[in-house]
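In the numbering used here, the protein residues as written are 161 to 291.
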Amino acid sequence: MQTQVYEGLFIFDSNKFAREQDALPAEVEQMIVAGGGEVLVSRLWEERRLAYPIQGHRKGTYWLIYFRSPTGEITALNRKCEIHDSVLRQLILKIHPSLVEPILAHASGTHVAEGDEAGEAAEEPVAAAAE
Numbered sequence: 161m162q163t164q165v166y167e168g169l170f171i172f173d174s175n176k177f178a179r180e181q182d183a184l185p186a187e188v189e190q191m192i193v194a195g196g197g198e199v200l201v202s203r204l205w206e207e208r209r210l211a212y213p214i215q216g217h218r219k220g221t222y223w224l225i226y227f228r229s230p231t232g233e234i235t236a237l238n239r240k241c242e243i244h245d246s247v248l249r250q251l252i253l254k255i256h257p258s259l260v261e262p263i264l265a266h267a268s269g270t271h272v273a274e275g276d277e278a279g280e281a282a283e284e285p286v287a288a289a290a291e
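In structure tokens:
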């Protein structure tokens, strides 16, 4: 079965996240792994006030996960998140294969060599034009 890299943004109930900071992301990661996926990067994005109340909640904790998964398992993952009490909303997007490495490097805080070289090459013509 074909696998793709996905970006998942999950909004957790802030009250439950404050009590179980490690447990909620671990539960979502376990759902991904149970479906045959592999978590690549998992991190807190931010906690903020929601634009509108969701199930009576006015604040949410945004958690970002990049993962590799079989394409057929995404529907099941969405359904599991909809049933989960602590996940208020989720959005899962497929990442284009040519963007996977730069996005994962940015999310994990490392640099991609190709991007650095391209940035240096772009600066040289500007400096030459100024002379």
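Glycine is no exception: its CB is placed at the ideal position from the N, C-alpha and C atoms.
Item	Value
Alpha helix (DSSP H) segments (min. 4 residues) lying fully within the region 176–252	183–194, 234–243
Proximity of Leu264 and Tyr226 at Cβ, strictly below 7 Å	yes
Where Ile243 falls, given that 16 or more other Cβ within 10 Å makes a residue buried	exposed
According to DSSP, residues forming a beta bridge with Gly168	Ile225, Ile252
Beta-carbon gap between Ala267 and Val165 smaller than 7 Å	no
Status (buried if at least 16 other CB within 10 Å, exposed otherwise) for Leu259	exposed
Spatial distance of Ala194 from Gly269 (CA atoms)	27 Å
Environment of Glu167 [buried if 16+ CB atoms lie within 10 Å]	buried
Alpha-carbon to alpha-carbon, Ala236 and Gln181	24 Å
Whole-angstrom C-beta distance between Leu248 and Glu171, which should lie under 8 Å	Note on identity: in this sequence residue 171 is Ile, with Glu being the wrong assignment. Yes, they are in contact, since the Cβ atoms of Ile171 and Leu248 sit about 5 Å apart, within 8 Å.
Pair within 7 Å by beta-carbon distance, Met191 and Lys240	yes
C-alpha gap between Thr231 and Gly196, whole angstroms	10 Å
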